[in-house]
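This report refers to the structure that appears directly beneath it.
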Amino acid sequence: MSPSHGLFARYNRYFNGPSVWNDKVTLSTDSLYETKSLYIVGFSFDVLTLAALICGVVWACLIRNHRGALKGVLPSLIAWLVAMILTIIEESLHLADAVVTQYYVMGLFLNVFFFLLSQCLLIFVFYNVIHKLLDRLTDTGKPYAAVVIIHWIVLALAVALAIATWALYVVFEVNMIQNSYGFDVSGIYSNIQSAQVIFYWVISVEMLAWSIFATVKAGSHRFVSKMPAIAFIIGSVFWFALNMMWAVVYIRYIIPDSLFFPRYLSAVESVGQFLFCVGIYVGVLLCCMNWSKVGDKPSGPMQHGPVPVGYPTYPAYQTYPQFSQNPQQYPPYMQQPYQQPYQQTY
């Protein structure tokens, strides 16, 4: 689920008037800010995203975890997969014009929770691989200590913003259902979520810069193969593009408190989410699958390398002619006169 999709839909739902938890509400595409055809387009790409995540889970299970490079990838896939399942269930209810009670928002709570969890896990995944790439740039085999500390602080801030966003979302929905100052809470929720989206975008820029720096800095003398590093750059580019898309939406429509936005916006977000999600995990999983090829090149000569010039070489198992001890039987070209030692005459 895109961050803005639920926010826009919830704003429209608030105008339905006061309600209690056992009241029944009708979910339909008419209550949303888009036509049914565009809603179906977004729904179709959400299904494709779900299928791509399932393939990613299977792929991740088949990859050997070389030196911990795969750490966090499978949990992030599963968390995003659960979020997409809940998103598709909600969208199916809208397409079917289903009548539900207000308790259906429990599914929305879980949806947002697992989506934010997947994003936090992806941040951990990218930082983990970046640190392992930086390991190759130091003689000690350890990344820069200051960089690692800063990255874990940034990750802690990202998790804190995600928790605050989810908590305010729950309060916002509960207040909206109970008609308890929903708009007052919505303003705080909108600001915190906007800060979270923009902060994640800034993090993605930093991750892309580190991935390019590590690959270029290492050169051809550090990595046996650049395939894992290049695949990681591809994943970083798509991660940056995904966060940039959501940041642009928030900067353009949410932060200015605009209730009017293009009808095609939700469908475009679903299409972008599918493309960028595939790019992210293809890059990350290719990097993890080929991680064993990153190993350091040997600094000294190879054990079975080419023989230095000046030493004779012979083909394997070469046989040589055998001659008797009689010097008269030596071949002419083998009869080399030896210099006689100098003898002093008296």
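In the UniProt record's numbering, the protein residues as written are 1 to 346.
Note that beta-carbon positions come from the ideal geometry of N, C-alpha and C, so glycine has one too.
In this text the structure is predicted, and so the values were computed from the model without any measurement.
For this session: Using 10 angstroms around the beta-carbon of TYR189, count the other beta-carbons present and answer buried if the total reaches 16, otherwise exposed.
Result: Within the sequence shown, residue 189 is the residue found at index 189, counting from 1. Buried: at least 16 other Cβ atoms inside 10 Å.
Problem set entry | Extent of the continuous beta strand (DSSP E) to which THR87 belongs | To locate residue 87, count along the sequence shown from 1; it is residue 87. Here THR87 belongs to no beta strand (DSSP E); instead the alpha helix (DSSP H) covers 73-95.
For this session: Can you have a look at MET106 and say buried or exposed, based on whether 16 or more other CB atoms are within 10 angstroms of its CB?
Result: As a working note, residue 106 is residue 106 in the sequence shown. By the neighbour-count rule (16 or more Cβ atoms within 10 Å), MET106 is not buried but exposed.
Exercise. Hey, quick one: how far does the alpha helix (DSSP H) through LYS132 stretch, first residue to last?
Worked result: Counted from its first residue, the sequence shown places residue 132 at position 132. Unbroken alpha helix (DSSP H) run through LYS132: 105-135.
Exercise. THR26 lies in the beta strand (DSSP E); which residues open and close that run?
Worked result: Along the sequence shown, one-based indexing puts residue 26 at 26. Counting along the chain, the beta strand (DSSP E) containing THR26 begins and ends at 24-26.
For this session: Check the C-beta distance from ALA158 over to CYS120 and give it rounded, since I have them as a contact under 8 Å.
Result: Position 158 of the sequence shown, counted from the start, is the residue given in the question as residue 158. Position 120 of the sequence shown, counted from the start, is the residue given in the question as residue 120. At roughly 6 Å, the Cβ-Cβ gap stays under 8 Å, so ALA158 and CYS120 are in contact.
For this session: Hey, could you find the ends of the beta strand (DSSP E) THR165 is sitting in?
Result: Counted from its first residue, the sequence shown places residue 165 at position 165. Run containing THR165: none in the beta strand (DSSP E); it sits in the alpha helix (DSSP H), 145-178.
For this session: Would you be able to state if there are at least three C-beta pairs under 8 Å between the stretch 268-280 and the stretch 242-256?
Result: yes
Problem set entry | Simplified DSSP assignment, three categories, for LEU101 | Here residue 101 is taken as the residue at index 101 of the sequence shown, counted from 1. According to the sequence shown, residue 101 is Thr rather than Leu. In the structure shown, THR101 sits in a strand (DSSP, three-state: E or B).
Exercise. Run through DSSP, which three-state label would PRO228 get?
Worked result: Locating residue 228 in the sequence shown gives position 228, where the first residue counts as 1. Residue state, collapsed to three classes: helix.
Exercise. How about ILE88 and VAL47: do their beta carbons lie closer than 8 Å?
Worked result: Residue 88 sits at position 88 when you count from the first residue of the sequence shown. Residue 47 sits at position 47 when you count from the first residue of the sequence shown. Yes, Cβ-Cβ distance for ILE88 and VAL47 is below 8 Å.
Problem set entry | Chain-order list of residues whose beta-carbon lies under 8 Å from that of VAL237 (same chain, five-residue window excluded) | One-based indexing of the sequence shown puts residue 237 at position 237. Correct list, in chain order: LEU208, GLY279, GLY283.
Exercise. Between which two residues does the alpha helix (DSSP H) carrying ASP54 extend?
Worked result: Counting from 1 along the sequence shown, the entry for residue 54 is found at position 54. Residue identity check: residue 54 is Ile in the sequence provided, not Asp. Residues 36-62.
Exercise. What's the gap between the Cα of ALA241 and the Cα of SER118?
Worked result: Within the sequence shown, the letter at position 241 stands for residue 241. Within the sequence shown, the letter at position 118 stands for residue 118. Their backbone Cα atoms lie some 17 Å apart in a straight line.
For this session: Taking only the alpha-carbon atoms, compute the straight-line gap between ILE177 and PHE109 and give it to the nearest angstrom.
Result: Reading the sequence shown from its first residue, position 177 is the one you call residue 177. Reading the sequence shown from its first residue, position 109 is the one you call residue 109. Going by the C-alpha atoms only, they are around 14 Å apart.
Problem set entry | Other residues of its chain near ILE63: CB distance less than 7 Å, five sequence neighbours each side excluded | The residue labelled residue 63 in the question sits at position 63 within the sequence shown. Cβ within range, chain order: LEU70, LEU285, CYS288, MET289.
Exercise. With DSSP run on the structure shown, which of helix, strand or coil describes ASN65?
Worked result: As a position in the sequence shown, residue 65 is number 65, starting the count at 1. Three-state result, ASN65: coil.
Exercise. Taking the alpha helix (DSSP H) that PHE261 falls in, what are its first and last residues?
Worked result: Residue mapping note: residue 261 aligns to position 261 of the sequence shown, counting from 1. No alpha helix (DSSP H) contains PHE261, which DSSP labels as neither H nor E.
Problem set entry | Selection from SER44, PHE43, GLY72 that minimises the alpha carbon distance to VAL57 | Position 57 of the sequence shown, counted from the first residue, corresponds to residue 57. Among SER44, PHE43, GLY72, the Cα nearest to that of VAL57 belongs to GLY72.
Exercise. Skipping 5 residues on each side, what residues in its chain have a beta carbon closer than 7 Å to that of LEU93?
Worked result: Here residue 93 corresponds to residue number 93 of the sequence shown, with the count starting at 1. So the qualifying residues of the chain are LEU27, VAL100.
Exercise. Nearest to ALA79 by alpha carbon, out of PHE113, GLN102, CYS55, ALA96?
Worked result: Counted from its first residue, the sequence shown places residue 79 at position 79. Each of PHE113, GLN102, CYS55, ALA96 was checked against the Cα of ALA79, and the nearest Cα belongs to PHE113.
Problem set entry | Where ILE130 falls, given that 16 or more other Cβ within 10 Å makes a residue buried | Taking the first residue of the sequence shown as position 1, residue 130 is located at position 130. It counts as buried.
Exercise. Cα separation between ALA145 and ALA214?
Worked result: Against the sequence shown, residue 145 aligns to sequence position 145. Against the sequence shown, residue 214 aligns to sequence position 214. Distance between the alpha carbons of ALA145 and ALA214 is about 15 Å.
Problem set entry | Own chain partners of THR165 with C-beta closer than 7 Å, once the 5 adjacent residues on each side are dropped | Here residue 165 refers to the residue found at position 165 of the sequence shown. Counting only Cβ-Cβ distances below 7 Å, and skipping sequence neighbours, we find LEU116, ILE192, GLN193, GLN196.
For this session: Determine the closest residue to ILE254 out of SER186, ASN65, THR49, with distance taken between C-alpha atoms.
Result: Within the sequence shown, numbered from 1, the residue matching residue 254 stands at position 254. Checked all of SER186, ASN65, THR49; the closest Cα to ILE254 is SER186.
Exercise. Apart from the five residues just before and just after ASP97, which ones in its own chain have a Cβ nearer than 6 Å to its Cβ?
Worked result: Locating residue 97 in the sequence shown gives position 97, where the first residue counts as 1. Residues SER28 of the same chain have their beta carbon placed closer than 6 Å to that of ASP97, with the five preceding and five following residues left out of the count.
Problem set entry | Buried/exposed call for ILE153, threshold 16 Cβ in 10 Å | Start at 1 with the first residue of the sequence shown, and residue 153 comes out as number 153. Result: exposed.
Problem set entry | Spatial distance of VAL147 from GLU206 (CA atoms) | Along the sequence shown, read from residue 1 onward, the residue named residue 147 stands at position 147. Along the sequence shown, read from residue 1 onward, the residue named residue 206 stands at position 206. Distance between the alpha carbons of VAL147 and GLU206: 12 Å.
Exercise. Grouping DSSP H, G and I as helix and E and B as strand, with all else coil, what is TRP21?
Worked result: Position 21 of the sequence shown, counted from the start, is the residue given in the question as residue 21. Coil, per DSSP.
Exercise. Is it buried or exposed for ILE203, if we count other Cβ within 10 angstroms and need 16 for buried?
Worked result: Within the sequence shown, numbered from 1, the residue matching residue 203 stands at position 203. Around the beta-carbon of ILE203, 16 or more other beta-carbon atoms lie within 10 Å, marking it buried.
Exercise. Under 8 Å, do ILE123 and LEU74 count as touching if we go by C-beta distance?
Worked result: Translated into positions along the sequence shown, residue 123 becomes position 123. Translated into positions along the sequence shown, residue 74 becomes position 74. Against a cut-off of 8 Å, the Cβ pair of LEU74 and ILE123 comes out as no contact.
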